[in-house]
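Participant:
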Amino acid sequence: MNKIHRDGGRHKSYVEYEIPEQVNLAIITKDAVSFLEQVPDDSIQLLILDPPYNLDIATWDTYDNYIKWAKQWLDEIARVLRPGGNCVIFGGFQFQDVKNGDLLEVMHYLRHESKLRLVNLIIWNYKNGMSAHRFFANRHEEIAWFTKTDKYYFDLDAVREKFDEATLEMYLRDKRLNPENVRKGKNPGNVWQMGRLNGNSLERVGHPTQKPQEIIRRIVKALSYPGSLVVDFFAGSGTTGIVSLQENRNCILVDSDKSLVEMFELQKQKSKLEHKYKISIKPTQKELDKFFMK
Ligand SMILES: C[S@@+](CC[C@H](N)C(=O)[O-])C[C@H]1O[C@@H](n2cnc3c(N)ncnc32)[C@H](O)[C@@H]1O
343 MNKIHRDGGR
353 HKSYVEYEIP
363 EQVNLAIITK
373 DAVSFLEQVP
383 DDSIQLLILD
393 PPYNLDIATW
403 DTYDNYIKWA
413 KQWLDEIARV
423 LRPGGNCVIF
433 GGFQFQDVKN
443 GDLLEVMHYL
453 RHESKLRLVN
463 LIIWNYKNGM
473 SAHRFFANRH
483 EEIAWFTKTD
493 KYYFDLDAVR
503 EKFDEATLEM
513 YLRDKRLNPE
523 NVRKGKNPGN
533 VWQMGRLNGN
543 SLERVGHPTQ
553 KPQEIIRRIV
563 KALSYPGSLV
573 VDFFAGSGTT
583 GIVSLQENRN
593 CILVDSDKSL
603 VEMFELQKQK
613 SKLEHKYKIS
623 IKPTQKELDK
633 FFMK
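Its first residue numbered 343, the sequence shown is counted upward by one per residue in our numbering.
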């Protein structure tokens, strides 16, 4: 990889894509496991999953045996991903007892029971959060990035961070560095400092665990390409759908709670959408099949 990087070459997972004239989005109110039964093999470029963790945050967050439930969708990930596909799973390490789940259990399960490969554990670090008196206040959550093969799609250039002017000038004078790469900016690393949505954030639409568009955008831009298919089957307020339309990707949103439709509509009204798009709510099987066509 380093040699490819120095020579300015392309990684073997590089995909030639065309910018689509229109992208499509489907919204489905359904249980994640029964949705997955409709999904063909090798059909999804990017899965963005922010599942429940059995922490009793809401009515959808209670399971008698978390991992027994989670296995049903974890076992499907490798099947539905395209060979160059990516899957990110949000979560934290907040183990309470054997009945509860957390990302550590999910990662342990995938390491031992699946063929998925862990590429990065991203630490999402934020300054705003709950106070604590008996332990250090929590200021991070994790995003585990898995792939189906080692030929996964990754567009680092799409998410590089520009250097500030003084640093850029200094690095451009440094003869050991490639000026083209310096101008592109730096790898953002695997610790992402991005604020959580406050109660009064403009993006907020009323979902208790709504994710900021900024964090979903970095994932969508790096791990999928224009015209490819992004799926989120724990869609909540539909943040993944908004970002996918903004970034010219097709998207399927699924949630067992029908408030997804209203929340997505509210987020859409608050967001700027520049590309041409079509939205199908409750798509027919025939409409859905078109999303999976390669
Ligand atoms: C952590 S939230 C996702 C929030 C979302 N990332 C956002 O930005 O708004 C988890 C979501 O999973 C949904 N959910 C829970 N169990 C489900 C199931 N069995 N099938 C589909 N969705 C489910 C819940 O309704 C909830 O909206």
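Backbone N, C-alpha and C fix where the C-beta goes; we use that ideal spot for every residue, glycine too. It should be emphasised that the depicted structure is a prediction, and the values quoted were computed from it without experimental measurement.
Can the beta-carbon of L544 be found less than 8 Å from the beta-carbon of G580?
Facilitator: no
Participant: Comparing alpha-carbon positions, which option in L571, E358, H549 lies nearest E607?
Facilitator: H549
Participant: Please determine whether the Cβ atom of G578 lies at a distance below 7 Å from any heavy atom of ligand 1.
Facilitator: yes
Participant: Compute the distance between the beta-carbons of I594 and I390, then report whether it is under 8 Å.
Facilitator: no
Participant: From N428 to L630, what distance separates their C-alpha atoms?
Facilitator: 21 Å
Participant: For ligand 1, is there any heavy atom lying closer than 7 Å to the beta carbon of T404?
Facilitator: No - ligand 1 has no heavy atom lying nearer than 7 Å to the Cβ of T404.
Participant: Helix, strand or coil, according to DSSP, for D417 in the structure here?
Facilitator: If DSSP states are grouped into helix, strand and coil, D417 belongs with the helices.
Participant: Taking all protein chains shown into account, do 16 or more other C-beta atoms lie within 10 angstroms of the C-beta of D589, making it buried, or fewer, making it exposed?
Facilitator: It should be noted that the sequence gives Glu, not Asp, for residue 589. E589 should be labelled buried.
Participant: Exposed or buried, what is P382 when buried is set at 16 or more other beta-carbons lying within 10 Å of its beta-carbon?
Facilitator: exposed
Participant: Along the chain, where does the beta strand (DSSP E) that runs through P521 open and close?
Facilitator: Unbroken run through P521 is the alpha helix (DSSP H), 521 to 526; no beta strand (DSSP E).
Participant: Does F634 come out as helix, strand or coil in the three-state DSSP assignment?
Facilitator: helix
Participant: Could you pull out every residue in the same chain whose Cβ sits closer than 8 Å to the Cβ of R560, ignoring the five residues on either side in sequence?
Facilitator: Excluding sequence neighbours, R560 sits near V501, P530, W534.
Participant: In the DSSP assignment, find the unbroken beta strand (DSSP E) run with K618 in it and report its ends.
Facilitator: 618 to 623
Participant: Residues in its own chain within less than 7 Å of N344 by CB, not counting five upstream and five downstream?
Facilitator: Here the model assigns N344 a pLDDT of 45, short of 50, so the residue's position is not dependable and the matter cannot be decided.
Participant: For S570, count neighbouring C-beta atoms within 10 Å of its own C-beta (all shown protein chains included) and say buried if the count is 16 or more, exposed if not.
Facilitator: buried
Participant: Is the beta carbon of K618 within less than 7 Å of some heavy atom of ligand 1?
Facilitator: no
Participant: Please report the straight-line C-alpha distance between H475 and R459, rounded to a whole angstrom.
Facilitator: 38 Å
Participant: By DSSP, does L498 sit in helix, in strand, or in coil?
Facilitator: helix
Participant: On the three-state DSSP scale, how would you describe R546?
Facilitator: Secondary structure of R546 (DSSP, three-state): coil.
Participant: Output needed for G443: all residues of its chain with C-beta closer than 7 Å, excluding positions within five of it in sequence on either side, in chain order.
Facilitator: Y395, N396, Y408, I409, A412
Participant: Given a cut-off of 8 Å on the beta-carbon distance, is the pair W415 and A368 in contact?
Facilitator: no
Participant: Identify, in the order they occur along the chain, each residue of the same chain with its Cβ nearer than 6 Å to the Cβ of Y513, setting aside the five sequence neighbours on each side.
Facilitator: L519, V524
Participant: Could you name each continuous beta strand (DSSP E) segment of 3 residues or more that falls completely within the region 571 to 627, going from the start of the chain to the end?
Facilitator: 571 to 574, 592 to 597, 618 to 623
Participant: Grab the span of the alpha helix (DSSP H) containing F377 for me, first residue to last.
Facilitator: Looking at the DSSP string, the run of the alpha helix (DSSP H) that includes F377 is 374 to 378.
Participant: Within the present structure, is the beta-carbon of S613 separated from the nearest heavy atom of ligand 1 by less than 7 Å?
Facilitator: no
Participant: Looking at G578: is its Cβ nearer than 8 Å to the Cβ of D392?
Facilitator: Closer than 8 Å, so yes.
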